[in-house]
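If you're matching positions, the sequence shown starts at 92 in my numbering and goes up one per residue. Even glycine gets a Cβ: it sits at the ideal position worked out from N, Cα and C. What follows is one structure encoded as structure tokens, with my remarks underneath.
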Amino acid sequence: MTMQDRTDNRPEGGHALIDSLVEGQPPTGDPAILRSSLAIADETRGDRVGSGPEEYEHGPLSFDRISHYRFGPELIEGGVRFRLYAPSADQVEVLLVDRAPTPMQAGDDGWYSLDVPGAGPGTLYRYRVKGIDVPDPASRGQADDTGGWSVVRGPLGLASERTIRPWHQAVIAELHVGTATPEGTFKGLAQRIGHFADAGYTAIELMPLGDFPGSHNWGYDGVLVFAPERSYGTPEDLRALVDAAHAHGLAVILDVVYNHFGPVDNYLPLYAAPFFDENVHTPWGAGLNFADPLVRLFFLENVRMWIEDYDMDGLRFDAVHEFGTSGAQQMKREMAAMARAIKPNAMLILENLDNEASWLERDASGRPRYFDAQWNDDIHHVLHVIATDQRSGYYRDFADETVEKARRVLAEGFAYQGEAVPRRGDIERGEPSAHLPPSAFVSFIQNHDQIGNQPDGRRLAEDLDAERLDFLHFVIMLSPQIPMFFMGEEAHIRAPFPFFGDLKGEFSAEIREGRAQQAKEFFESDHADELVPDPMAPETMAMAKLDWNEFAAPERAEALDRFRELARLRREHLWPLTDAPYQGAEAHQDGRVVAVSWTYAGGRLVMVMNAAPDEGSIEVPAFAPMATTGIHRREGERMVLGPWSAAIAVLPAEA
């Protein structure tokens, strides 16, 4: 089906399920959709999540407020209705090219609107507030940079009706569009998307795409969250990339940032002060005011747009532990409900340093009540300390009893489940997680943060030999948690990924100073800052680009073949096993050797690993490994493993 075909088939009233709830009619289809949707609509809902309230603090959003987009321009018969929420402004004008500024009509609720005949898709516009020309905060696309003209855009078409791959089958590649290919564009990535499917991935996770100032950025300084970054291409190019990924059997997950706006070209404080709570401070300034239903609605419409218009299969919600204002727990519930109202099986991932297992709970049928999984920094930190012996910064919290923590994260999920964290002044962190299935955790040994937090953005391949990297990949890929790797990691690519951006003026200097100071503190060295490349220099971004010629080098090609074999083993052995209900795990250790057994209704997965540079052994019942890395042998009741060695087997369930 062509993109135009999808556009023509868009129902006039927006999303059919949402419309049915608005009109008071019983929704049809999968009951799970109804359950998810009613999480927003039911005022009497009393689920307690983490430290959240037992009931909604600020009144739920009713579906009559989200059946149509409220933020951004609306195409109407013969023209466009321009709308801006500006409760802190006394007057707002709409500016169009070659037209005089026109005052907008003020409503009683902080909204300004104006119907403009003759305007339509492609019309350039912006607003004038308090003498300053500003873009639409809900712009669907920019003509140039984030401070310039916004562009009226028509709908791209509804999400396809394809079935999303089951979550337990996810093998994720995290990608940065600007550096994943030489072109650094949606089109460039679409042309090479087959590589990731061929490597054994089943999903790609795109770093944030909301329009950011300048020409390059990691993506977390975005200010126009509805507008795909213009340097990557057009909205149509992005939709074509998603379609290309789907054609190769890849799900597409998008990283979204709802905890802050970037520091440059964010004009919301000028005219929409209620968006922020000045009493709550985050690393980026005042916290977003999720107590205000319109603030929540702004981001919920963004959830809807990415899934419905761009056909994203899931979202990764950045740093939800920084949702510090009243209404934050409600916001999390509504994010999940909105996504699942559109795609019941949407892949929903949290970044949450508070380790709140309650957001990952399953219902009686085993379906996620809210989110599928959380990025599990704990397993990364444990394995990183084991493999590199790096113990500074946040790695100090994993420097003691490291192998014991490895046993715990593999069998139970989090290393910290309510215990005091030394580096946080013994503040308790986390909630019990052993009851959750392993699929509630995304495991990795590298991602954009962990690579970028090294002073020079170096990857593990710069410091570890192939034997140790293969051991880490074996553990991540063949444990039942959801594995994720950073682009190129499948072939032991060495391109660094330092922090970079293109901010100007005072913000540029602040970021340079901040990154240098962070390096000194993290690595406890007065000279660590000397390794930090200038984050605002174009050369820093350029060094992060993947060199696709490197994949052809014999050493890289061999590493890629080994990665493919791990993916095949997961596909053929772990997928059938983990499709059944999870029943729990057991683990024990002997020195630096760990044995873990995960039990499902249809059998057990057993892994024995030696996380050490020396030979080790452990007493375990004899089994025939279906896959190994390194060296292993039996000596009586014990399995002996060589340095950085591991073995796994799928066995029948115990009687």
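{"Item": "Buried or exposed by the 16-neighbour rule on C-beta atoms within 10 Å, applied to Ile167", "Value": "exposed"}
{"Item": "Contact between the region 476 to 483 and the region 514 to 524 (3+ Cβ pairs under 8 Å)", "Value": "no"}
{"Item": "Rounded distance between the beta-carbons of Ala744 and Ala715, thought under 8 Å", "Value": "Contact doesn't hold; Cβ gap of about 17 Å is too wide."}
{"Item": "Span separating the alpha-carbon of Asn78 from that of Ala382", "Value": "This structure gives no information on residue 78, because the portion of the chain shown stretches from 92 to 746."}
{"Item": "Proximity test, Cβ basis, 8 Å: Pro672 and chain C", "Value": "The chain inventory of the structure shown lacks chain C, comprising one protein chain alone."}
{"Item": "Host alpha helix (DSSP H) of Trp397 (start-end)", "Value": "384 to 399"}
{"Item": "Which of helix, strand or coil DSSP assigns to Asp705", "Value": "coil"}
{"Item": "C-alpha distance - Gly376 paired with Thr690, whole-angstrom precision", "Value": "46 Å"}
{"Item": "Closest residue to Tyr362 among Ala180, Asp540, Ala713 (Cα-Cα distance)", "Value": "Ala180"}
{"Item": "Backbone CA spacing between Gly310 and Asp302 [nearest angstrom]", "Value": "8 Å"}
{"Item": "Residue burial classification, Thr270 (beta-carbon count within 10 angstroms, cutoff 16)", "Value": "buried"}
{"Item": "Closest Cα partner of Val500 within the set Asp480, Arg655, His472, Thr237", "Value": "His472"}
{"Item": "Closest residue to Leu280 among Pro629, Leu332, Trp240, Ala432 (Cα-Cα distance)", "Value": "Leu332"}
{"Item": "3-residue-minimum beta strand (DSSP E) runs that sit fully inside the region 184 to 255, ordered along the chain", "Value": "202 to 208, 215 to 220, 223 to 225"}
{"Item": "Residues of its chain near Gly727, where Cβ-Cβ distance is below 8 Å and the 5 sequence neighbours each way are ignored", "Value": "none"}
{"Item": "Cβ neighbour criterion (16 or more within 10 Å) applied to Lys434", "Value": "buried"}
{"Item": "Sheet register partners of Glu728 (DSSP bridge)", "Value": "DSSP output for Glu728 lists no bridge partner at all."}
{"Item": "Neighbourhood of Val711 by C-beta distance below 7 Å, restricted to the same chain and skipping five residues each side", "Value": "Ala686, Val699, Met730"}
{"Item": "Sequence-distant residues of the same chain with beta carbon closer than 7 Å to His664, five excluded per side", "Value": "Met717, Val741"}
{"Item": "Three-state class that DSSP yields for Met403 in the structure shown", "Value": "coil"}
{"Item": "Proximity below 8 Å, CB of Gly313 to CB of Phe277", "Value": "no"}
{"Item": "Proximity to His583 [Cα-Cα], best of Leu555, Gln608, Ile602", "Value": "Leu555"}
{"Item": "Backbone secondary structure at Leu280 - three-state DSSP", "Value": "helix"}
{"Item": "Pro672 versus Ser570, Ser530, Val386, residue with shortest Cα-Cα distance", "Value": "Ser530"}
{"Item": "As assigned by DSSP and simplified to three states, the class of His339", "Value": "coil"}
{"Item": "Proximity below 8 Å, CB of His307 to CB of Met632", "Value": "yes"}
{"Item": "Three-state secondary structure assigned by DSSP to Arg370", "Value": "It should be noted that the sequence gives Asn, not Arg, for residue 370. In this structure, Asn370 counts as strand in the three-state DSSP scheme."}
{"Item": "Val684 versus Glu495, Val225, Asp445, residue with shortest Cα-Cα distance", "Value": "Glu495"}
{"Item": "C-alpha distance - His372 paired with Gly378, whole-angstrom precision", "Value": "6 Å"}
{"Item": "Backbone secondary structure at Thr293 - three-state DSSP", "Value": "coil"}
{"Item": "Exposure of Thr774, with buried meaning 16 or more beta-carbon neighbours within 10 Å", "Value": "No information on residue 774 is available, as it lies outside the stretch 92 to 746 that the chain covers here."}
{"Item": "For Asp328 and Ser736, the rounded distance between their alpha carbons", "Value": "44 Å"}
{"Item": "Residue of Pro734, Val697, Gly694 minimising C-alpha distance to Ser708", "Value": "Pro734"}
{"Item": "Whole-angstrom C-beta distance between Phe489 and Ala448, which should lie under 8 Å", "Value": "In fact, because the Cβ distance is near 19 Å, the residues do not count as touching under 8 Å."}
{"Item": "Same chain, Cβ closer than 6 Å to His339, neighbours up to 5 away in sequence not counted", "Value": "Ile284, Gly285, Ala288"}
{"Item": "Span of the beta strand (DSSP E) around Glu677", "Value": "673 to 681"}
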